[in-house]
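One structure below.
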Amino acid sequence: MNDVKENFKNCLLIGERGYISKEFQVDLFNYSNIKLSVPIRKNQHDFVEFSRTKSKIRKRIETAISQLGGQFSININFAKSFLGLATRIAFKIASFTMIQYLNFFVFKRSLNKTKINLC
């Protein structure tokens, strides 16, 4: 999280329940003016429902990361150099983006259905 503090300023981050502590959120806000939005557990005292828009954004991001890991094996890489690693990751993300583009704009399907045949 130190990278986030130093590289981002004046923004909203949607986090996981692991970053729920008030001290952590206040530290982020005081250091870089970053507002950390975290879904609160239902059994907590200050329970406020997490907004639907933030939930949808969070779900889309988690789905994309899961698909990159599951179908494109982005976490498995046998590159021997940094350039090879960067090339393979860029290729996997580009192919993932192309499948999403074809699904949404050409075939008029849901954006995240990457396992469906394109033909």
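Per the UniProt record's numbering, the sequence shown runs over residues 1 to 119. The beta carbon of each residue, even a glycine, is placed where N, CA and C say it ideally should be.
Other residues of its chain near residue i: CB distance less than 6 Å, five sequence neighbours each side excluded
i           : result
residue 84  : none
residue 31  : 5
residue 50  : 39
residue 101 : none
Beta bridge counterpart(s) of residue i as assigned by DSSP
i          : result
residue 35 : 12
Short Cβ contact (9 Å threshold) for residue i with residue j
i          : j          : result
residue 25 : residue 4  : no
residue 74 : residue 92 : yes
residue 35 : residue 12 : yes
Integer-rounded CB distance, given that residue j should sit under 8 Å from residue i
i          : j           : result
residue 58 : residue 14  : 5 Å
residue 10 : residue 33  : 5 Å
residue 72 : residue 96  : 6 Å
residue 63 : residue 112 : 5 Å
residue 99 : residue 114 : 5 Å
Cutoff 8 Å; reference residue i; Cβ partners in own chain excluding five residues on either side
i           : result
residue 126 : Since the first and last residues shown for the chain are 1 and 119, residue 126 lies out of range.
residue 46  : 40
residue 89  : 74, 77
* Asked: Considering only residues of the stretch 14 to 100, which uninterrupted alpha helix (DSSP H) runs meet the minimum length of 4 residues and lie entirely inside it, listed in chain order?
  -> Taken in chain order, the complete alpha helix (DSSP H) segments of 4 or more residues contained in the stretch 14 to 100 are 22 to 32, 52 to 70.
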